[in-house]
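Enquirer:
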């Protein structure tokens, strides 16, 4: 018999088939049998009672089996391991192994990662860091090649990553395709560099990033072969994408929480959930530890009216099929034994998680501390800043400003009269000043604008996490504290800081590329919670997550208005505001 033909469908290594054949047929005991489970069948939507035979990390059979080791599930539910269809490990602020060590306990056994944050700071070295640190964690970590480094042609980031640079990664089995294509202008205009990247990944999954595109632009975007999007903030736009055949990742992260709006629309309109999956995009470690990971998405979707098995299908097989991961996403023969054991389907109480048939609690995850002189730990390079560099002359009224929306990373354009003295913007608690400083090559570029809705009083908050170019962003109600905050981040080589009345209140160093800490999640979590509380006490509204909001305020591919080191930028017209 030609075993090579038999095993390709499940993605099973050839060498394992003979062993699993004997187990499946019952002629030998399985290494592990999970007995008396209620197995969630993602193909039929049924819940069936039975045993699960596991051998060599794969499921050999479903039914009645005996094992060398047997675990009685006592009627608990068994789901496939959950899949986060799109995330940036760098945005969790801890090292990749630490994030996965926390999230996998919530049942997320597969991560489709876009390392464009690391690539924008350190290029190939940043991508290799993500690949290398996730090579031996108790989860499947796949990588999408960053498509937009920089995000747009007029960004000031650390490195440039072109199609030619991607070729060496094409044969890596952990590289699934091209990461989120944010530069939609280059797509619809047929920019040569973008076309080269799209052509390089024909036949693989190409992820999108397409908030608020016009009808013709979205048609062109889909025509280019871009297959997914995680930027839908309302049901109507999500359906526009689905009608074009695009797969929608429903995002529920720390700042961008779009699940309720999309799921309510799906339920109210009785729309099929085929073509939908879940992702976190950017979710902080403290939020994961408090509420869960993809498990939280499932639970929230169920509370809004999605049937539990349907929600689990969205979190498993539908994401797996999107990325052509034909050995993941189901509890069935030939699939990897990544399993989530659930006490119930309403609260989604998890009692155990298996990765390749081994309980994840048995793995020891190393957080991987880098030497203080490591090149990835020295990435903040600023030109000397003078107080006059923060002056802002907005021109004649009406003035443009950034209006924040609580619970969203999208912004609105404000046009009106800003408080000014002798032609210079005079910030206050209502109209804060925002400055974005180039920090990779010490060019001295500083973009300045006004922001409404942040509300900081008697101080400033600064961050080196500033998607996607990761320059220094600082918001304050006075220039003195803003300047001190920038200098503090230069001192610690990146992170978050809060300054008030001429003093540094608190600083969370993120020395790895200015994005992550290897000090341990307990320290990061405790400090971040304290700093978030302080920010709210200083006037930041409760509906605004201060550091996540600050981290997105310079990203010129999310509507409607941003500030970059080159100035105030109108995303809707893709041009700078004069």
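Residue numbers (the UniProt record's numbering): 1 to 578.
Glycine residues also receive a C-beta, built at the ideal position from the N, C-alpha and C atoms.
What you are looking at is a predicted structure, and each value in this text was computed from that prediction instead of being measured.
Our contact map puts residue 114 next to residue 193 with C-beta atoms below 8 Å; I'd like the distance itself, whole angstroms only.
Expert: The residue labelled residue 114 in the question sits at position 114 within the chain shown. The residue labelled residue 193 in the question sits at position 193 within the chain shown. Between residue 193 and residue 114 the Cβ distance is about 18 Å, and since that is not below 8 Å, they are no contact.
Enquirer: Rounded to the nearest angstrom, what separates residue 429 and residue 458 at their Cα positions?
Expert: Here the question's residue 429 lines up with position 429 in the chain shown. Here the question's residue 458 lines up with position 458 in the chain shown. If I take the Cα positions, the gap works out to 8 Å.
Enquirer: Span of the beta strand (DSSP E) holding residue 144?
Expert: As a first step, residue 144 is located in the chain shown; it is residue number 144 there, counting from the start. Here the beta strand (DSSP E) through residue 144 covers 140-145.
Enquirer: Out of 28, 40 and 258, which one is the CA nearest neighbour of residue 330?
Expert: For the purposes of this step, residue 330 is taken as residue 330 along the chain shown, with counting starting at 1. Per the Cα distances, 40.
Enquirer: Quick one, which of 307, 306, 278 and 305 has its alpha-carbon nearest residue 293's?
Expert: In the chain shown, residue 293 corresponds to position 293, counting from 1. Per the Cα distances, 278.
Enquirer: Taking the straight line between their C-alpha atoms, what separation do you get for residue 30 and residue 357?
Expert: Against the chain shown, residue 30 aligns to sequence position 30. Against the chain shown, residue 357 aligns to sequence position 357. The straight-line gap from Cα to Cα measures roughly 11 Å.
Enquirer: Secondary structure at residue 172, three-state DSSP: helix, strand or coil?
Expert: Numbered from 1 along the chain shown, position 172 holds the residue referred to as residue 172. Looking at residue 172 - three-state DSSP - the assignment turns out to be coil, as it is neither helix nor strand.
Enquirer: For residue 208, which residues does DSSP report across the bridge?
Expert: Taking the chain shown and counting its residues from 1, one reaches residue 208 at position 208. Per DSSP, 181.
Enquirer: First and last residue of the beta strand (DSSP E) that includes residue 86?
Expert: Here the question's residue 86 lines up with position 86 in the chain shown. It spans 82-87 - the beta strand (DSSP E) in which residue 86 sits, taken as one unbroken run.
Enquirer: Residue 460 lies in the beta strand (DSSP E); which residues open and close that run?
Expert: For the purposes of this step, residue 460 is taken as the residue at position 460 of the chain shown. Where residue 460 is concerned, the enclosing beta strand (DSSP E) stretches over 460-463.
Enquirer: Which residue or residues does DSSP assign as beta-bridge partners of residue 277?
Expert: Locating residue 277 in the chain shown gives position 277, where the first residue counts as 1. According to DSSP, which records beta bridges pairwise, residue 277 is partnered with 249.
Enquirer: Since residue 312 and residue 42 should fall inside the 8 Å C-beta cutoff, what is the C-beta to C-beta distance between them, to a whole number of angstroms?
Expert: Here residue 312 is taken as the residue at index 312 of the chain shown, counted from 1. Here residue 42 is taken as the residue at index 42 of the chain shown, counted from 1. Going by Cβ atoms, the distance from residue 312 to residue 42 rounds to 7 Å, so yes, they are a contact pair.
Enquirer: Distance check for residue 163 and residue 179, CA to CA, integer angstroms please.
Expert: For this step, residue 179 is matched to residue 179 along the chain shown. For this step, residue 163 is matched to residue 163 along the chain shown. Cα-Cα distance, rounded: 12 Å.
Enquirer: Taking the alpha-carbon of residue 426 as reference, which of 62, 408 and 395 has the nearest alpha-carbon?
Expert: Stepping through the chain shown from its first residue, residue 426 is reached at position 426. Of the candidates 62, 408 and 395, the one whose C-alpha sits nearest the C-alpha of residue 426 is 395.
Enquirer: Could you check which residue in 267, 285 and 328 has the C-alpha nearest to that of residue 302?
Expert: Working through the chain shown from its first residue, we reach residue 302 at position 302. Measuring from the Cα of residue 302, the nearest candidate turns out to be 267.
Enquirer: Could you pull out every residue in the same chain whose Cβ sits closer than 6 Å to the Cβ of residue 220, ignoring the five residues on either side in sequence?
Expert: Position 220 of the chain shown, counted from the first residue, corresponds to residue 220. Around residue 220: 188.
Enquirer: Buried or exposed for residue 245, please, with buried defined as at least 16 other CB atoms from any protein chain shown within 10 angstroms of its CB.
Expert: Translated into the one-based positions of the chain shown, residue 245 becomes position 245. With fewer than 16 other Cβ atoms within 10 Å, it is exposed.
Enquirer: Would you mind reading off the limits of the alpha helix (DSSP H) that contains residue 129?
Expert: Start at 1 with the first residue of the chain shown, and residue 129 comes out as number 129. It spans 124-133 - the alpha helix (DSSP H) in which residue 129 sits, taken as one unbroken run.
Enquirer: What three-state label does DSSP hand residue 329 in the structure shown?
Expert: The residue you call residue 329 lines up with position 329 of the chain shown. Residue 329: coil per DSSP, three-state reduction.
Enquirer: Based on Cα-Cα distance, which residue from 52, 120 and 46 lies nearest to residue 513?
Expert: As a working mapping, residue 513 is identified with position 513 in the chain shown. It is 120 whose Cα lies nearest to the Cα of residue 513.
Enquirer: Does the segment 442-455 come close enough to the segment 386-394 to have 3 or more Cβ pairs within less than 8 Å?
Expert: Touching, per the Cβ criterion.
Enquirer: Apart from the five residues just before and just after residue 275, which ones in its own chain have a Cβ nearer than 7 Å to its Cβ?
Expert: As a first step, residue 275 must be located in the chain shown, where it is residue number 275. Hits under 7 Å: 242, 247 and 248.
Enquirer: From residue 579 to residue 97, what distance separates their C-alpha atoms?
Expert: A question about residue 579 goes unanswered here, because the residues of the chain that appear run from 1 up to 578.
Enquirer: Which of helix, strand or coil does DSSP assign to residue 375?
Expert: Position 375 of the chain shown, counting from 1, holds the residue named residue 375. The answer is helix: DSSP assigns residue 375 an H, G or I state.
Enquirer: Taking the beta carbon of residue 251 as the centre, do at least 16 other beta carbons fall within 10 Å, making it buried, or is it exposed?
Expert: Here residue 251 is taken as the residue at index 251 of the chain shown, counted from 1. Buried, because 16 or more other Cβ atoms sit within 10 Å of the Cβ of residue 251.
Enquirer: How would you call residue 232, buried or exposed, if buried means at least 16 neighbouring beta carbons within 10 angstroms?
Expert: Residue mapping note: residue 232 aligns to position 232 of the chain shown, counting from 1. It is buried - the Cβ of residue 232 has at least 16 other Cβ atoms within 10 Å.
Enquirer: Tell me the rounded alpha-carbon separation between residue 106 and residue 373.
Expert: To locate residue 106, count along the chain shown from 1; it is residue 106. To locate residue 373, count along the chain shown from 1; it is residue 373. Distance between the alpha carbons of residue 106 and residue 373 is about 35 Å.
Enquirer: Please confirm whether residue 122 and residue 379 have their CB atoms less than 8 Å apart.
Expert: Sequence index remark: in the chain shown, residue 122 carries index 122 (1-based). Sequence index remark: in the chain shown, residue 379 carries index 379 (1-based). Taking 8 Å as the Cβ cut-off, residue 122 and residue 379 qualify as a contacting pair.
Enquirer: Check whether the segment 339-353 touches the segment 72-79, counting contact only when three or more Cβ pairs, one atom from each stretch, lie closer than 8 Å.
Expert: Yes: the two stretches touch, three or more of their Cβ pairs being nearer than 8 Å.
Enquirer: So what's residue 306 in DSSP terms, helix, strand or just coil?
Expert: As a first step, residue 306 must be located in the chain shown, where it is residue number 306. Looking at residue 306 - three-state DSSP - the assignment turns out to be coil, as it is neither helix nor strand.
Enquirer: Of the choices 85, 102 and 94, whose alpha-carbon is the least far from that of residue 360?
Expert: Working through the chain shown from its first residue, we reach residue 360 at position 360. Checked all of 85, 102 and 94; the closest Cα to residue 360 is 102.
Enquirer: Using a Cβ-Cβ cutoff of less than 7 Å, which residues in the same chain neighbour residue 471 once the five nearest sequence positions on both sides are dropped?
Expert: The residue labelled residue 471 in the question sits at position 471 within the chain shown. 156, 436, 437, 438, 439, 554 and 565.
Enquirer: Which residues share a DSSP beta bridge with residue 67?
Expert: Taking the first residue of the chain shown as position 1, residue 67 is located at position 67. According to DSSP, residue 67 bridges with 30.
Enquirer: Taking the DSSP output, what are the residues bridged to residue 497?
Expert: As a working mapping, residue 497 is identified with position 497 in the chain shown. In the DSSP output, where bridge partners are listed per residue, residue 497 has 462 and 507.
Enquirer: For residue 433, write down the residues that DSSP places opposite it in a beta bridge.
Expert: Sequence index remark: in the chain shown, residue 433 carries index 433 (1-based). According to DSSP, which records beta bridges pairwise, residue 433 is partnered with 450 and 476.
Enquirer: Within 10 Å of its beta-carbon, does residue 27 have 16 or more other beta-carbons around it, so buried, or fewer, so exposed?
Expert: As a working mapping, residue 27 is identified with position 27 in the chain shown. Answer is exposed; the Cβ neighbour count stays below 16.
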